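Single-structure report; data block below.
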Amino acid sequence: MMSRRLKTSFLLISAIGLMLMAGLAPPPRARAQQSNSAQELAGLWEAKNRFGPDVRGSLTIRQTDDVWEAEIAGHAAQARLSGAAIRFELAGGAGEFEGQFDARRNRITGHWIQPATVQYGSRFVSPVTLDRAGRNSWRGEVAPLDDALTFYLLVKQRVDGSVGAFLRNPERNLGRFIRVDHLERDGNVVKLFAADTAGEKGRALALGKYDAESGVISFYFQGRGGSYDFRRVGADEASDFYP
């Protein structure tokens, strides 16, 4: 059995240890403030959305009696022949083709017209050549312009205690139009603001949510492709971000 003196010493040491632990641990309110701090989000964040187009790859045009058909990426459409010119459109505006046969009908030279992109808001035309691939069949490759947008969000703590933020978009420099100056956080709600002017608080440019468990900040940019999920870029992780 433990002697009375040893037992007393053990209880005293335990009490001192608990007091030290209590003194080192921040109070509940301080811990809550730390977890809600915008400074916790300091670092480089990256988000990328791909919008397609998914219609790409092998394009085949076939003639069966007087009927001309086209197939690409699981889509089929009836083509129209007018002299040496041939064309077709996919349902739902998924794309269209315009081409011209050579004199011997061994090759079709034409263009693929893809849907309007989110990135530029315009339709783009890609050259396509289809060579004979058997009797009454021609085949070629469609390679449309990729439609994607990337955003980088650089978050830094400032000397005055505020949290600065900078938005960069390498494809179209959209950060010039979404002129983010700083960031504020309230729980899981994160807001991007323009710079303060003439003593007035800058306007809110984007509203987002931070999921601490997954480490993702989601922002919605109207007219720029919708919602973007930003993930932190590690210090040793490769990135296309340039300040």
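First residue of the sequence shown: 219, per this note's numbering; consecutive thereafter.
Here a beta-carbon is modelled for each residue, glycine too, at the ideal position from N, C-alpha and C.
Predicted, not measured: the structure shown is a model, and the values here were computed from it.
Quick one: grab the DSSP three-state call for histidine 256. Here residue 256 refers to the residue found at position 38 of the sequence shown. Looking at the sequence itself, residue 256 is alanine, so the reference to histidine does not match. Three-state result, alanine 256: helix.
CA-CA distance, aspartate 283 and aspartate 320? Looking up residue 283 in the sequence shown gives position 65. Looking up residue 320 in the sequence shown gives position 102. Whole-angstrom Cα-Cα distance: 20 Å.
When Ala416, Ala430, Leu372 are compared against aspartate 458, the one with the closest alpha-carbon: The residue you call residue 458 lines up with position 240 of the sequence shown. Considering only alpha carbons, the answer is Leu372.
Could you tell me which residues DSSP puts in a beta bridge with aspartate 399? Within the sequence shown, the letter at position 181 stands for residue 399. None; aspartate 399 has no bridge partner.
Out of Glu307, Gly379, Ser436, state which residue places its alpha-carbon closest to the alpha-carbon of proline 333. In the sequence shown, the residue the question calls residue 333 occupies position 115. The residue with the shortest Cα to Cα distance from proline 333 is Glu307.
Where glycine 270 falls: helix, strand or coil (DSSP): Counting from one through the sequence shown, the residue named residue 270 turns up at place 52. Three-state result, glycine 270: strand.
For leucine 330, which option in Val336, Val346, Arg322 has the closest C-alpha, if you only look at C-alpha atoms? Taking the first residue of the sequence shown as 1, we reach residue 330 at position 112. Before going further, note that residue 330 is tryptophan rather than leucine in the sequence given. It is Val346 whose Cα lies nearest to the Cα of tryptophan 330.
Taking DSSP's pairing of strands, which residues face valine 373 in a bridge? Residue mapping note: residue 373 aligns to position 155 of the sequence shown, counting from 1. Looking at the DSSP assignment, valine 373 forms a beta bridge with Gly261, Ala383.
Rounded to whole angstroms, what's the CA-CA distance from leucine 401 to alanine 383? Just pull it up for me. Within the sequence shown, the letter at position 183 stands for residue 401. Within the sequence shown, the letter at position 165 stands for residue 383. One C-alpha to the other measures close to 6 Å.
Once DSSP output is grouped into helix, strand and coil, what is the label at leucine 363? In the sequence shown, the residue the question calls residue 363 occupies position 145. It is coil, neither helix nor strand.
Which two residues bound the contiguous beta strand (DSSP E) that contains valine 408? The residue labelled residue 408 in the question sits at position 190 within the sequence shown. Here the beta strand (DSSP E) through valine 408 covers 407-411.
Residue range of the unbroken beta strand (DSSP E) whose run includes valine 285: If you number the sequence shown from 1, residue 285 lands on position 67. First-last of the beta strand (DSSP E) with valine 285: 285-290.
Give me the Cα-Cα distance between leucine 423 and glutamate 431, rounded to the nearest whole angstrom. To locate residue 423, count along the sequence shown from 1; it is residue 205. To locate residue 431, count along the sequence shown from 1; it is residue 213. Taking the straight line joining both Cα atoms gives about 25 Å.
So, does the stretch 264-283 touch the stretch 351-367, judging by three or more C-beta pairs under 8 Å? yes
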